[in-house]
Every structure is written in structure tokens, then in C-alpha cells.
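Since the structure comes first, as C-alpha cells, the remarks are kept for the end.
There are 2 protein chains.
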Amino acid sequence: MNCEILNVGTELLLGDILNTNAQFLSQELAKLGIGVQYVNTVGDNKDRLKRSITNALEHSDMVITTGGLGPTADDITKEVCSEVFGLELELHQESLENMKAYFNRFNHPMPLTNEKQAYIPKGAIVFKNKFGTAPGCVIEKDKKLIIMLPGPPRELVPMFNDHVNPFLQKFSNSIIVSHRVRTFGIGESALAEKVSNLLDNSNPTVAPYAKDGEALLRVTAKAETKEEAEKMITPIIDNLYSQFGSLIYGVDYENIEQKLVELLAQKNMTISIAESCTGGYTSKRITDISGASGVFECGIISYSNRIKNQVLNVSEDILKKYSAISGPVAVEMAKGALNLSGASIAIGITGIAGPNSDETGSPVGLSFIALTDGKSAWVKKLEIGRNGQRDYNRYVTGSHAFNMARMYLEGQIDELGLERIDF
Amino acid sequence: MNCEILNVGTELLLGDILNTNAQFLSQELAKLGIGVQYVNTVGDNKDRLKRSITNALEHSDMVITTGGLGPTADDITKEVCSEVFGLELELHQESLENMKAYFNRFNHPMPLTNEKQAYIPKGAIVFKNKFGTAPGCVIEKDKKLIIMLPGPPRELVPMFNDHVNPFLQKFSNSIIVSHRVRTFGIGESALAEKVSNLLDNSNPTVAPYAKDGEALLRVTAKAETKEEAEKMITPIIDNLYSQFGSLIYGVDYENIEQKLVELLAQKNMTISIAESCTGGYTSKRITDISGASGVFECGIISYSNRIKNQVLNVSEDILKKYSAISGPVAVEMAKGALNLSGASIAIGITGIAGPNSDETGSPVGLSFIALTDGKSAWVKKLEIGRNGQRDYNRYVTGSHAFNMARMYLEGQIDELGLERIDF
Chain A
3 MNCEILNVGT ELLLGDILNT NAQFLSQELA KLGIGVQYVN TVGDNKDRLK RSITNALEHS
63 DMVITTGGLG PTADDITKEV CSEVFGLELE LHQESLENMK AYFNRFNHPM PLTNEKQAYI
123 PKGAIVFKNK FGTAPGCVIE KDKKLIIMLP GPPRELVPMF NDHVNPFLQK FSNSIIVSHR
183 VRTFGIGESA LAEKVSNLLD NSNPTVAPYA KDGEALLRVT AKAETKEEAE KMITPIIDNL
243 YSQFGSLIYG VDYENIEQKL VELLAQKNMT ISIAESCTGG YTSKRITDIS GASGVFECGI
303 ISYSNRIKNQ VLNVSEDILK KYSAISGPVA VEMAKGALNL SGASIAIGIT GIAGPNSDET
363 GSPVGLSFIA LTDGKSAWVK KLEIGRNGQR DYNRYVTGSH AFNMARMYLE GQIDELGLER
423 IDF
Chain B
3 MNCEILNVGT ELLLGDILNT NAQFLSQELA KLGIGVQYVN TVGDNKDRLK RSITNALEHS
63 DMVITTGGLG PTADDITKEV CSEVFGLELE LHQESLENMK AYFNRFNHPM PLTNEKQAYI
123 PKGAIVFKNK FGTAPGCVIE KDKKLIIMLP GPPRELVPMF NDHVNPFLQK FSNSIIVSHR
183 VRTFGIGESA LAEKVSNLLD NSNPTVAPYA KDGEALLRVT AKAETKEEAE KMITPIIDNL
243 YSQFGSLIYG VDYENIEQKL VELLAQKNMT ISIAESCTGG YTSKRITDIS GASGVFECGI
303 ISYSNRIKNQ VLNVSEDILK KYSAISGPVA VEMAKGALNL SGASIAIGIT GIAGPNSDET
363 GSPVGLSFIA LTDGKSAWVK KLEIGRNGQR DYNRYVTGSH AFNMARMYLE GQIDELGLER
423 IDF
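See below:
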């Protein structure tokens, strides 16, 4: 069984919207062992949409469309798909009722234009939309399937999980299992070179990727059952662990902050963060993780020296002597956050995210990160040097802070070779 | 001149990577008046890649590929494109030197595998990569162009801006100008219904979109010159302003926080934020904006009641009497942030982002937002009610806070009909 994803919407071709649906669907289909060979995007144009659907059906068993189910005249996905399969649209009473109930919840009468969304190709299986008005549906002809899903991710994702995934399970005959071995502190090329003997494997495959300043290895096996695939993957991951040790922070974590929150919870410890250049991004990433409230005490975003001094108790002498972008200030910020919150460990971050330098002329991408447990502090000087890449600089700075905390909690922080100050 | 974007990479088909390149390129090509009719993604598979390139060249004047220029054996974009055009690859000495210099900057010797990246189709124009190792290039045959760009966005974006954009300008004969009229506080359907008379226009076009809890109208004109296109758009935007008033927060802003930072800077005012459920996300969004350091005083992320009390001075009585998720606590948090930082205005946010409720049983997506200038406070009770959509809840909560501050700075906050407390 293979599938083509066809994203419909002129707004995608104009770049107004970032296509997150393609990624989500690709991930979910991979888990089901349904191969995605093409992901295409086409505008709200009848001829081109029809051509894309017809083409897709030629070389794929199934087409999943996203978008074009809205209430306006340029929403034509159902109309064109029905035409391709020679089906008529008919009013689906249940969907109309759902839609009216949806508007009722927000105390709005249903706009008349929305009624169009309740017209469904004859014979379709309908998927209810819990978070919006457009129902999804699937139509079948000559063993080919078209699954139509709404465009907004907050509607598409739950609809896929609740209805489409169970529907698709019966079409899945082989299983693809993929695990991501996540590393911190080694580049993609260096990683690829060290595992070059594995890169030509055909099943399981091992492939290196760079992502957000980290390198990771994806290990993928195809087998008849999940158990069999896992059995093929395990020895490879074991070998990677013996080769790379603490450079690997885990398998299948979304990111290093997820690992950190898990470690803190396991050890019944808490963290606080004082950050300047990262401006809340580091705290935000910790609190992105569901369950962070159990391990996160507080965050202080101290842009100005006044807040560093007044809230975090960084002395004016130290600020003057070393300047705000310095190791000693990062240490004092971390200590300040620790003392203020009573957390087990605290991070202090100060630096220049860019795009412009500060009055002292520190280079963009320079930062100092300190970690303290109240007894010692470890300081990292980081020069990312990505001029004009503010978001990247802020992200990678936070990741280094998380890695320091991760290594501390695993009892390995001294392996990082950082400056260490014992109080 | 029209174009197909062809993203190459099995990691995209597996959903390991979010395709941000397609959005960026679409936006840039639209500005150049180069129509994008298809955006396709194909894996690192020679036959399918060749088929996709050949197809694309059939109905487009130009193909822009992303990815597949890396050092490893599965990177085959240059090889396949050269084959399609009947060109040989040859060593490009300058690219090799650049690559060695790139590794030198990081004090690494160049891994041997990278040399492959310096082989370029014969006769190609080469685009230097300032932020990575893979050079880009363009090849031409029979008036058809293939432009090959590296996959990582931090390499692709600067390469496009510095080299590809100037290269493409000579192919652009008509100009498409698009402006986005951004609103806050009205839904997409309601907005569409109110401008239904405009939706059938063919030039300029007016199209409604929903994005991140906001609705916006895109007004697009096609003309021979930029001036002409602007002249067609102006009266439409003027009409929208007279129809929607303060529901419109601006034109072509990336988001509402950008508008807020601009307003603060114009008025020489500063802001501080005390946030609980949004966990730093609100401060992060403000500090995402370049120039925020001039208007942002501090952020306090007070997850626990202890920090609310100790740092923000929210009294234990109020916390006990109203519970942490309440209007009075939001007001006290905002006052605490204002007093601590001396900012002109401050925001306090407390709520339940989900996925789980708290011990008092407050529903997920409930939050209270307060804005204060030290003399009065305005409080909004917000029920987003998106169960399990933590990120969305946190985002939209922050947006409402920004809109309150925006309306305050524009002297219109009382239009929002919020509870108002004068101290």
C-alpha cells in the first residue's frame, strides 16, 4: 500500500501558510507501514487539482488530500474528487447538525455559507470534525482511495487520530519501525564518518540527519510485525551506545528538553532558569513539555542590568567589572535563580542573540551559560557565530544549557571539560 | 515565467523534517511575480527523482530543488539533474577552497566525504554557501532552468537572498504584490461573510485565511509595476479599515507582537510580563522581535504559588481566596511585574494550558489575563477550550494579552468591554 499526500490551497503556494500537515501525515503513515513516495501541493484551481489527483491515482493506491473543504467558493476539493470518481454530492444531515451544534457552542448562528460543507460525495464514509466545521471523508473506486481532510492542523490532527488511523490499519501489511538516536555535541559529518560502515545497510537502514544544531541517526527496519522490526534494530542501537556513550542523550526523544524534564522527574529534582539573551525561549521550551510543572520552579527573564541586580542579586560590581555578557554574570544569575526559587539546580544564560551587537561590541552569537547546584558552578562559553540568525542562536544556546543540566543529572558533567567553580 | 519547487529528501517523506523551505521559496517567488503552480516532495530515490524532475520541466519553465546536496551517498540531486540535462560533474576548485575554509573556522579538518560536494555540473553558475558546505548552482538547457539549493534552511535562506534572488530578477515580467490585512477578535467565517462582495474580484483578489487563532485578509494585485499594483490595492485596504476599524491591527505584520513592540517603541514605553500557564512563551514572543530589548523590561515565569507570592508579591490571602487561576491573581501578578520592573505597563497571565486540569478542576484552556498601567487594570477571562492543544492554548492566550496591550496603547482598550478596576 502506498500513498500520495496532496495538499490543496493557493495559500500554500503563496507561502502564506507553513505546511505542517505533510509532516504529521508522513510520520503517521510511516508508522502504519504505508509508504509515502510523493507529497504534492497544488492551488485552488480546478484543472490543476484534477490533473494532480488523476496523476496521483496512477501511481499510488491512496491519495490523502488536505484543505479545500472550507465554506468559500474557492474550496473545491470535494467537488473535484467527486468528479474524478463520477460521484454526486449530497447533503449529509448529520454533518449539518454537527456544524450547527459547533456554532451553538460559541453562541454564534451558523453562517449560511457553511452549509456547503455538509455536502458529501455519495457513498462516502464521513469523518466527524470535533474542532471545526468541515467533515472529512473517504471515497473508494476500483480499489483506489481518496481521503479528504480539512486543512487547519488543529482539525486535521484529531480527525486523523480518531478516525483515519483506525480506518487505515486494515490496509497495512508490513510495518516500518523507525527509531531516532539523538546525540548532542557531535556534528552530522563527523557522526556520518564514524558510522560510515552502517550507512549502506539496506534493512535496517541507518541515516544521519542534522536538526536544530544537533545530529541524529535514524535507524529504520521493515518487517511483518513490530516485534520483528524491533529485534532487527536493537543490536544496532546497542552498538551505537557503546561507540558514542554520553554523546547520545536518548532514543526517540523529541528534543533534549524532554530528556531533561524526564531526568528531573525521575530524580525528584527541580530547575529554575535565569535568562537574558534567550528571552524566555529556554523556559518556554521546558514548559512546552507536558509535566514540566512538577520540575520547573521559575524563570526570570532579566533583559536589563537593573533586573539582574534587583531580582537576581547580581552585584553591580560584577556587572561593571566583567560586563553583562560574561561567565561571572552567568554564574551569579544562576545562583540568583537558585536562591530565589529553592530549586535543586539552576541555569543562568547571558549573551547576544543578534542581529545587532551590544554597546561593548561582544560578537553576535556569543553567550555564557552557567549551571549550579549551590555547591559548584560549571560555565560554558559558547560562540555560535551565526550572524543574523537570532532564532537559531537562541535555540542552540538553550540546547547547550539543557545538555549541561542533562550531563549533571547523569553524573557526567565533568566530561564536558567546562570551567568549574566550587563555592 | 512559472516555477515548480521540488523538495528532495526521504526525511521529508518520513516526516522527520518540517518543510519550511517550500514556504520561504513560495513567498519569495510570489514577490518576484514568478508563479508557483506545484510544490512537490520526493525521496532520495534516483528513478522517482528523475521522473519528478522530468515531469516538472514539462509544465514549468524552472525547477528549484532543495536538498540532496550533502556529502553522503544518498545525496543525489546534482547527479540526477546533470543526467537529465546531459551534463558531467566536475570539480569546482573555488567551492573546495570555501569548504576547507569553512571547516577551518571551526578548527576541524574537512572530512574526506565532503569533497563530493565540490563537484558541480559543467557550465553551472555556482552559488556560494556562507553557512554550510554545499554550494548551490543553476543549470540551463533549452530555456529551462534547474536551480539547486541546499536543504538546511539556515543555508538555503541566505543563499537565496544573496544570489538566487538577484539572478531571478531578470526573468520577472509582471509583479504580484500582496498585502495581508491582519485582524484580531473576529473569526474567519464572519470576516468572509462581511467581505463577501469582494471575494469574487479577480484583480486585485481578496481572500480570507485563518492563522494561529486570527483571521486575515490577503489582498493581491498583479500588474506590470509595483507602483501600479499598489495603486490597485490601496482603495481596498482603505475600505477594509473603514469597515472593521480597530479589529484591524495592521497590514503586513508578521504577528500581533510585532505590532505591539512597534507601538511601545513609538511611544517610548516599556512592558513587563508575569506569566504562569504560558511558561515563558509570551515573553519569548516579545523577545523574538528584533528591537525588543528597548521595550521589554523583564519576564517572570511563576509556575508555583510560592514564586507568585515571593517574587511578584501576590498575597497568600488572594491566592487562597480566589485560587491561582483567577482574575484577582492575574491582576496582582501584573501589578507585581510592574512594581518589580518599573515598566510602563505589565501583563499578568494565569491559567491552565493543559493537557490536564489542576487540583481545583479548572477547565483546560481557561485563563485570566490582566493588563495594568499602575492606575487601572483590565481583566479578560478567556475560555479557549481546546482540550489537549497545549501549544495552541498557550499561543492564543498570549495573543489576547498582546491585543489588550495594543488596544491600550492605541487608546481603545475600553472598546473590548473588559472588566476594569481603577486603583
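Sequences listed follow chains A and B, in order.
So the first sequence is residues 3 to 425, counted in the numbering used here.
So the second sequence is residues 3 to 425, counted in the numbering used here.
Idealized CB from N, CA, C, for every residue including glycine.
A contact between stretches requires three or more CB pairs, one per stretch, nearer than 8 Å, and the region 172-190 of chain A meets this requirement with the region 200-220 of chain A. DSSP, read as helix, strand or coil, puts B/C279 in coil.
A straight-line Cα-Cα distance of about 24 Å links B/K172 and B/L89. In this structure the region 26-33 of chain A touches the region 9-17 of chain B; the number of beta carbon pairs closer than 8 Å is three or more.
A contact between stretches requires three or more CB pairs, one per stretch, nearer than 8 Å, and the region 50-61 of chain A fails this requirement with the region 163-182 of chain A. In terms of beta-carbon proximity, B/S292 lines the interface with chain A, with at least one pair separated by less than 9 Å. The beta carbon of B/V86 is closer than 7 Å to those of K52, I55 and T56 in its chain, skipping five residues each way along the sequence. A/Q39 sits in a strand when the DSSP states are folded into three classes.
For B/V41, a Cβ of chain A is located within less than 9 Å of the residue's own Cβ.
Contact between B/G350 and B/A336 is confirmed by a C-beta separation of about 3 Å, below the 8 Å threshold. Around the Cβ of B/T374, a 10 Å sphere holds 16 or more other Cβ atoms; the residue is buried. Secondary structure at B/M101: helix, using DSSP grouped into helix, strand and coil. In the DSSP annotation of this structure, A/P210 is not part of any alpha helix (DSSP H); the continuous beta strand (DSSP E) holding it starts and ends at T207 to K213. Assignment of beta strand (DSSP E) within the region 107-154 of chain B, counting only whole runs of 3 or more residues, yields 121-123, 127-129, 138-143 and 146-151 in chain order. At the C-beta level, B/I423 and B/S378 come within 9 Å of one another.
In this structure, B/G70 lies away from B/G125, with their beta-carbon atoms at least 9 Å apart. The C-beta of A/S62 has 16 or more other C-beta atoms within 10 Å across all chains shown, which makes the residue buried. At least 9 Å separates the CB of B/S248 from every CB of chain A. Within chain A, no C-beta atom comes less than 9 Å from the C-beta of B/K130; the nearest is roughly 15 Å away. For the pair A/A339 and A/I275, the CB atoms are nearer than the 9 Å cut-off.
Per DSSP, reduced to three states, the secondary structure at A/A75 is coil, with no helix or strand assignment. Counting along the chain, A/H165 sits inside no alpha helix (DSSP H), nor does DSSP assign it H or E at all. Contact annotation: in the region 17-33 of chain A, residues whose CB is within less than 9 Å of a CB in chain B are G17, D18, I19, L20, N21, T22, A24, Q25, F26, L27, S28, Q29, E30, L31 and A32. Between B/V44 and B/I7, the C-beta spacing is not below 9 Å. Within the model, the alpha-carbon separation for A/D76 versus B/L201 is close to 9 Å. At a C-beta separation below 8 Å, B/Y211 has these neighbours in chain A: E13, D18 and I19. Near chain A, meaning a CB-to-CB distance below 8 Å, the residues of the region 292-306 of chain B are S292, A294, S295, F298, E299, C300, G301, I302, I303, S304, Y305 and S306. What B/S343 touches in chain A, judged by beta-carbon distance under 7 Å, is I309, going in chain order. Contacts with chain A at 9 Å (Cβ-Cβ) include B/Q312. When 7 Å is used as the limit between beta carbons, B/R392 is near these residues of chain A: S292, in chain order. Beta-bridge annotation (DSSP): A/C5 is paired with A/V38 and A/M64. By DSSP's assignment, A/I302 forms a beta bridge with A/A276 and B/I302. Beta-bridge annotation (DSSP): B/H181 is paired with B/V221.
Listed as beta-bridge partners of B/D424 by DSSP are B/S378. Taking the CA atoms as reference points, A/P152 sits about 23 Å from A/E60. The C-beta of A/G281 comes closer than 9 Å to at least one C-beta of chain B.
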